[in-house]
Structures are given as C-alpha cells and as structure tokens.
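For the sequence shown, numbering that gives the first Met the number 0 assigns the number 0 to the initial residue and increments by one for each residue that follows.
Glycine included, each C-beta is placed from N, C-alpha and C at the ideal position.
Step one of this worksheet: look at the structure below.
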Amino acid sequence: MMKKILLTALTAVVLLLSACGSDQVTLQVFNWGEFNHPDIGRMFEEEYGIAVIIQHYATNQEMYARLVHQGGDFDVLFPSDYMIERLILENRLAPLNWDNIPNIFYLHPYFETLPFDPQRTYHVPYKWGMFGIIYNTTMVHDPVYSWSILWNDDYAGQIYMYDAARCTLGVALKLLGYSHNTRDITELHAARDLLLEQRNRGLVRAFQGDLIRDSMIAGGAALATIYSGCAWWMMGENTDLNFAIPVEGTQFFVDAMVIPATSTRQAEAEKFINFMMRPDIALLNAEWIGYSTTNRAVLDMLPDYWRNSQVYWPTDEVFARGDMFRDLGDFRQEYYDAFMMVLVGG
Numbered sequence: 000m001m002k003k004i005l006l007t008a009l010t011a012v013v014l015l016l017s018a019c020g021s022d023q024v025t026l027q028v029f030n031w032g033e034f035n036h037p038d039i040g041r042m043f044e045e046e047y048g049i050a051v052i053i054q055h056y057a058t059n060q061e062m063y064a065r066l067v068h069q070g071g072d073f074d075v076l077f078p079s080d081y082m083i084e085r086l087i088l089e090n091r092l093a094p095l096n097w098d099n100i101p102n103i104f105y106l107h108p109y110f111e112t113l114p115f116d117p118q119r120t121y122h123v124p125y126k127w128g129m130f131g132i133i134y135n136t137t138m139v140h141d142p143v144y145s146w147s148i149l150w151n152d153d154y155a156g157q158i159y160m161y162d163a164a165r166c167t168l169g170v171a172l173k174l175l176g177y178s179h180n181t182r183d184i185t186e187l188h189a190a191r192d193l194l195l196e197q198r199n200r201g202l203v204r205a206f207q208g209d210l211i212r213d214s215m216i217a218g219g220a221a222l223a224t225i226y227s228g229c230a231w232w233m234m235g236e237n238t239d240l241n242f243a244i245p246v247e248g249t250q251f252f253v254d255a256m257v258i259p260a261t262s263t264r265q266a267e268a269e270k271f272i273n274f275m276m277r278p279d280i281a282l283l284n285a286e287w288i289g290y291s292t293t294n295r296a297v298l299d300m301l302p303d304y305w306r307n308s309q310v311y312w313p314t315d316e317v318f319a320r321g322d323m324f325r326d327l328g329d330f331r332q333e334y335y336d337a338f339m340m341v342l343v344g345g
C-alpha cells in the first residue's frame with residue numbers, strides 16, 4: 000500500500016513539472032487517494048497530447064471544500080453518490096456530452112439508473128462497493144451475519160469502528176431497523192445512544208480509518224467495519240480474514256466521474272472520462288484499486304476468483320441488501336453533531 004502511495008505521488012509531481020511552462024492543454028483531475036493506476040496520466044498524455052495532473056483527497060468533504068470554498072480549478076472529480084447529489088442540487092456540475100463518451104457502452108446494467116442522478120445527466124460510474132464487517136476467523140467464534148455482533152461482550156476491546164459519521168451512524172440505524180438516510184431526530188439520537196452504549200461498555204478498540212487495514216492484517220483486533228474494496232485487499236494479505244454483509248442492510252456506494260460546472264476544458268475532460276471507461280484502461284485501474292468495477296467488459300476479463308468472490312462481486316441477494324446514502328440537506332449537521340458526541344464519549 001505504501002508503494003502505491005509513493006508511486007502515485009511521484010507521478011503527480013512528474014506530470015506537474017512537465018506541464019509547467021507549456022501551452023499544452025492540462026487537465027486537473029481530483030480523485031480519491033490510491034484509486035487510479037499511477038501510469039494513467041502519462042498514458043493519456045502520450046495518446047492524446049493532453050497533460051494530466053492528478054491530485055488526491057481523503058474524503059468527500061475535503062473534495063467539496065477544495066472545489067467550493069478554496070476555488071479549486073478542477074476538470075474531473077470522483078465524488079460519491081450522495082455528494083454528487085449535493086453538487087447537482089447546488090448547480091455545480093456540467094451536463095455530459097455523451098457524443099464524447101462512447102465507451103459508456105461498457106457500463107454494467109447495475110449502474111445504468113442510480114437514484115442520485117437517474118437520467119445519468121452528470122456522472123459516469125467508476126467504482127462501487129458495500130460497507131460491512133471484516134473479521135478474523137481465528138478470533139471470532141460466532142457466525143457473522145448481523146451488525147449486532149459489534150455489541151457482543153465476548154469481543155470487548157477487539158472491535159474497530161469506522162471513523163466516519165454517515166457510515167457508523169448508519170450501522171446503528173440499520174440495526175435499529177431505521178433508514179440510514181433518516182431525517183427523524185428521534186431515530187438519529189437512538190442510533191447515537193446505541194453507539195455510546197457500545198463505546199461505554201468498552202467494546203470499541205478505536206474509531207479509525209485507514210489504520211484499520213494494517214491492524215486487522217496483523218491480527219490486531221477481531222472485528223472491524225470497513226468497505227468491501229479494502230476488505231478484498233486485506234483478505235489477500237491475511238487469509239484468516241473474512242468479510243460479511245449484515246442481513247439488516249448496509250450502504251451500497253458508487254463513486255463516479257463528473258465535471259465541475261467551472262471547468263473550461265469540458266471536451267478534454269470528457270475525452271479523459273471516455274479513456275477511463277475503455278476496457279483496457281478500466282482493467283488496469285480495477286486491478287490496481289481492488290474495488291469492484293462498473294465496467295461489464297472488465298468484469299469478464301478479471302480472473303475467476305475475482306468474479307466468483309462474494310466480496311468483489313456479491314450475489315443479487317446480497318447486493319439487494321444495500322442502498323445508497325442520499326444527500327441530507329440541512330439535516331447533515333445533525334449527523335456530524337451526533338457522531339462527535341459518540342467520539343468524545345457523550
């Protein structure tokens with residue numbers, strides 16, 4: 000994983016230096032860290048003569064702040080579903096010219112009509128996954144099928160919870176039988192209190208993000224909440240790990256390529272999106288990032304053990320347990336306030 004970070008950072012620096020002092024068109028791309036192959040920018044430039052500078056962010060909120068509050072000059076973004084919905088509602092995205100993106104032909108049917116942009120006016124799906132539980136089979140002696148195992152005293156101090164408000168409050172909301180998009184303050188506070196109970200009983204080892212990966216690989220805890228793409232990679236590093244999607248339901252997410260309304264290089268940005276959807280390039284990215292592809296041609300090109308994995312490509316029954324986060328509008332601050340109370344212990 001460190002190799003990926005260093006290669007990606009080095010690629011961005013080289014491309015930045017090569018683009019300086021030139022009249023060449025330069026695309027500014029803003030993607031999640033580690034979620035594109037480090038050679039993509041160079042390959043696109045060699046083929047089309049358009050330079051690419053790829054910067055990376057860690058959260059949707061960081062991406063939004065750079066774009067909206069810090070005046071980021073970006074041409075292609077990779078936000079998640081609920082953030083795309085927010086950007087659409089705020090008129091911050093440009094409608095796509097599909098004549099410039101013929102490789103949309105390869106989009107898997109699962110992703111043709113998504114609730115945040117049902118006419119697919121603004122987005123091209125890039126990767127997807129589901130939120131669930133990764134667990135060490137040598138340490139967990141109970142079946143892992145429900146979020147309730149995260150409240151089992153047998154695993155006190157051996158449970159990592161993901162350090163993100165929507166994800167972790169969503170776990171508690173689903174366990175209580177509520178929507179993880181609820182705007183009912185009573186339901187939200189019930190989820191908050193359930194997480195506070197979990198913390199106060201000493202069940203939670205820590206609320207963490209990326210550090211969960213290394214700790215679970217090293218056998219540092221019994222259970223953790225994590226995204227399926229991370230779980231897929233972790234299971235490759237430690238064969239004692241397994242992953243489950245709880246029966247109560249979970250978050251199904253899609254990160255997609257969009258163009259900010261402020262971009263002055265839309266045609267070039269669409270050429271880049273089309274390039275990213277081309278099967279050979281999409282395969283390169285899919286193998287690098289480990290998250291499930293949205294490209295039906297790539298799915299057929301992957302090894303059998305990828306396609307047959309319930310982590311990488313779950314059955315329709317498991318897939319149906321997921322639904323997307325939606326933009327919460329003015330209610331989003333209530334989630335952040337509730338989660339902050341959990342983090343500080345009440």
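Just confirm the distance between the C-beta atoms of residue i and residue j, as a whole number of angstroms; I'd bet it's less than 8 Å.
{"i": "Phe274", "j": "Leu168", "result": "Between Leu168 and Phe274 the Cβ distance is about 37 Å, and since that is not below 8 Å, they are no contact."}
{"i": "Ala230", "j": "Val317", "result": "Going by Cβ atoms, the distance from Ala230 to Val317 rounds to 13 Å, so no, they are not a contact pair."}
{"i": "Leu95", "j": "Ile258", "result": "7 Å"}
{"i": "Met129", "j": "Thr293", "result": "Actually they do not touch by this definition, with Cβ atoms about 14 Å apart."}
{"i": "Pro245", "j": "Ser145", "result": "5 Å"}
{"i": "Arg165", "j": "Tyr334", "result": "6 Å"}
Give the range of the beta strand (DSSP E) segment to which residue i is assigned.
{"i": "Val139", "result": "Per DSSP, Val139 belongs to no beta strand (DSSP E) and is neither H nor E."}
{"i": "Tyr134", "result": "123 to 135"}
{"i": "Ala57", "result": "No beta strand (DSSP E) contains Ala57, which DSSP labels as neither H nor E."}
{"i": "Tyr109", "result": "Run containing Tyr109: none; DSSP gives neither H nor E here."}
Ends of the alpha helix (DSSP H) at residue i?
{"i": "Asp315", "result": "315 to 318"}
{"i": "Thr167", "result": "164 to 174"}
{"i": "Leu283", "result": "278 to 288"}
{"i": "Val343", "result": "331 to 343"}
{"i": "Tyr304", "result": "303 to 306"}
{"i": "Thr185", "result": "184 to 199"}
Could you work out which residue in the options is closest to residue i when comparing CA atoms only?
{"i": "Ile225", "options": "Ile100, Leu149, Phe330, Asn307", "result": "Leu149"}
{"i": "Asp98", "options": "Ala266, Gly345, Asp329, Thr314", "result": "Ala266"}
{"i": "Thr185", "options": "Leu172, Glu196, Leu195", "result": "Leu172"}
{"i": "Ala243", "options": "Ala223, Tyr335, Ala260", "result": "Ala223"}
{"i": "His140", "options": "Leu240, Trp287, Ala260, Leu327", "result": "Leu240"}
{"i": "Ile53", "options": "Asn30, Gly345, Gly228", "result": "Asn30"}
Alpha carbon to alpha carbon, what distance is there between residue j and residue i?
{"i": "Phe324", "j": "Gly219", "result": "30 Å"}
{"i": "Val170", "j": "Glu46", "result": "45 Å"}
{"i": "Thr112", "j": "Ile87", "result": "16 Å"}
{"i": "Gly201", "j": "Ala163", "result": "19 Å"}
{"i": "Asp72", "j": "Ile83", "result": "17 Å"}
{"i": "Tyr81", "j": "Ile216", "result": "30 Å"}
{"i": "Gly235", "j": "Leu187", "result": "36 Å"}
{"i": "Phe115", "j": "Lys126", "result": "15 Å"}
{"i": "Leu66", "j": "Asn151", "result": "42 Å"}
{"i": "Leu193", "j": "Ile158", "result": "15 Å"}
{"i": "Glu44", "j": "Gln23", "result": "10 Å"}
{"i": "Val28", "j": "Val341", "result": "35 Å"}
{"i": "Ser178", "j": "Glu247", "result": "10 Å"}
{"i": "Phe34", "j": "Glu286", "result": "10 Å"}
{"i": "Arg85", "j": "Val143", "result": "34 Å"}
{"i": "Ser147", "j": "Leu174", "result": "7 Å"}
{"i": "Trp232", "j": "Met62", "result": "24 Å"}
{"i": "Ile132", "j": "Ile211", "result": "12 Å"}
Confirm, please, whether the CB-CB distance from residue j to residue i is below 8 Å.
{"i": "Gly208", "j": "Tyr161", "result": "yes"}
{"i": "Trp312", "j": "Arg320", "result": "no"}
{"i": "Met300", "j": "Val123", "result": "no"}
{"i": "Ala268", "j": "Leu92", "result": "no"}
{"i": "Ile39", "j": "Met276", "result": "no"}
{"i": "Val51", "j": "Ile272", "result": "no"}
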